[in-house]
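Here the sequence shown stands for residues 1 to 249, numbered as in this note's numbering.
All remarks here apply to the structure that follows.
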Amino acid sequence: MTLSRISLALVLALVLVVAVLAAAPARLLHLVLPGEQVVMQGLSGTLWNGRASRCLLRLPPGYLHLGAVEWSLQPLSLLALAPRVQLSSRWGQQRVNGELVFRGATDLDVRELQLSVAADLVRQFAPLAVDGALDVDIGELLLRDGLPHAGQGRLVWQNAGFLSPRGRVPLGSFAVDFSQQPGAALQGEVITLAGPLQADGAVELQGRRYRIDLLLDSEYAMDDQLRQALSLMARPQGDAYRIELDAEF
1 MTLSRISLAL VLALVLVVAV LAAAPARLLH LVLPGEQVVM QGLSGTLWNG RASRCLLRLP
61 PGYLHLGAVE WSLQPLSLLA LAPRVQLSSR WGQQRVNGEL VFRGATDLDV RELQLSVAAD
121 LVRQFAPLAV DGALDVDIGE LLLRDGLPHA GQGRLVWQNA GFLSPRGRVP LGSFAVDFSQ
181 QPGAALQGEV ITLAGPLQAD GAVELQGRRY RIDLLLDSEY AMDDQLRQAL SLMARPQGDA
241 YRIELDAEF
C-alpha cells in the first residue's frame, strides 16, 4: 500500500469516527455526566445537542427539579475530563439558563446562571410559610465537595409574603449580594428593595456552618401572626427583631 493510500485510509477512518460521534444518541450522556449529581429521563436528540423530558440536579440542600431540559455539550471539554454543558430548562413558571462544568462527583462549576423559581421551593428545604418569586443571577459559583468554594452573584426575593393562618402578609422585596474568594467564607449582604418590612444584615457560609445576622423592622405595626413566627427565631430589639443564627446544615 502506497503512502497516499495509507493517508486516504486514515482520513476516511477519521471521517467515519467523526460521523459516528456526531450521531451519538443522547442516552450516552449517562456515561459522561456523574449520576450522583444529575438525573435525566426521557432523553432524545444527540449527545452534543439533546433534550430530556425530566431532569433533577443535586444541590447541597437536596434535589432541584429542572423539568424539561435542552442542552449543548462542548466536545473538546471531554478531552479535559470536565464536561461543559450549556443548558436551558422550563418547569411551570420556573426557568433556568446557564453553563455547568462537571469536574467530578461532587465538584461543579456554575457560570452565567439565571434562575427564576417560586419562593415556595424553599419549603422543600426549610419549614417556612413564604411565597413570592426568587430570581438568582450567578456570574460564577464553584462547588467543591458539594459546597461553595468561590464565586459571586445576587439573589432577589420579589413580592415576598408570609402565609399566616389569617391570610397572606405582604413583606416586600429583598436582595442578597454575595461573593466568595477561593477557599474563604461566602459573604452576603442583605438589603431591602421595597415594601413595608425592612431587612438589613449579613449572612456567611463557611463549609457547612452558616451565620445570619438580620435586623427586621417595619414601617407599620407588624401582623400578630408574623410577630409570633419571628419570636420563634428572633429576639425583640425595640420595635424590631434581630435574627442571629450560628449553626450547621
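Where a beta carbon is used, it is the ideal one built from N, C-alpha and C, also for glycine.
Buried or exposed (CB count within 10 angstroms, at least 16 for buried), alanine 160: Buried, because 16 or more other Cβ atoms sit within 10 Å of the Cβ of alanine 160.
CB contact flag (aspartate 177, arginine 211, <8 Å): It is not a contact, given that the beta carbons lie outside the stated cut-off.
Those residues which DSSP pairs with valine 122 across a bridge: Valine 122 pairs with nothing; no bridge assigned.
Cβ-Cβ separation, leucine 33 to proline 83 (assumed contact under 8 Å), whole Å: With a Cβ gap of about 6 Å, proline 83 and leucine 33 count as contacting.
Selection from His30, Pro196 and Leu193 that minimises the alpha carbon distance to alanine 105: For alanine 105, the nearest C-alpha among the options comes from His30.
Completely contained beta strand (DSSP E) runs for the segment 164-217, where each covers 3 or more residues: Taking 3 residues as the minimum length, the beta strand (DSSP E) runs contained wholly in the segment 164-217 are 167-180, 186-194 and 197-206, in order along the chain.
Cβ-based neighbour list, glutamine 198, same chain, cut-off 6 Å, excluding 5 preceding and 5 following: So the list reads Thr192 and Asp217, once near-sequence residues are dropped.
Contacts around glutamine 158, its chain only, beta-carbon distance under 7 Å, and the 5 residues preceding and following it disregarded: Closer than 7 Å at the Cβ level, and outside the excluded window around glutamine 158, lie Gly132, Ala133, Asp135 and Ser173.
Coarse secondary structure for arginine 227, derived from DSSP in three states: Looking at arginine 227 - three-state DSSP - the assignment turns out to be helix.
Glutamine 237 - DSSP class collapsed to helix/strand/coil: The answer is strand: DSSP assigns glutamine 237 an E or B state.
Rounded Cβ spacing between arginine 90 and alanine 68 (contact assumed at less than 8 Å): Approximately 6 Å separates the beta-carbon atoms of arginine 90 and alanine 68; this is inside 8 Å, confirming the contact.
Continuous alpha helix (DSSP H) stretch holding leucine 66: start and end: Careful: leucine 66 lies outside any alpha helix (DSSP H), inside the beta strand (DSSP E) at 62-73.
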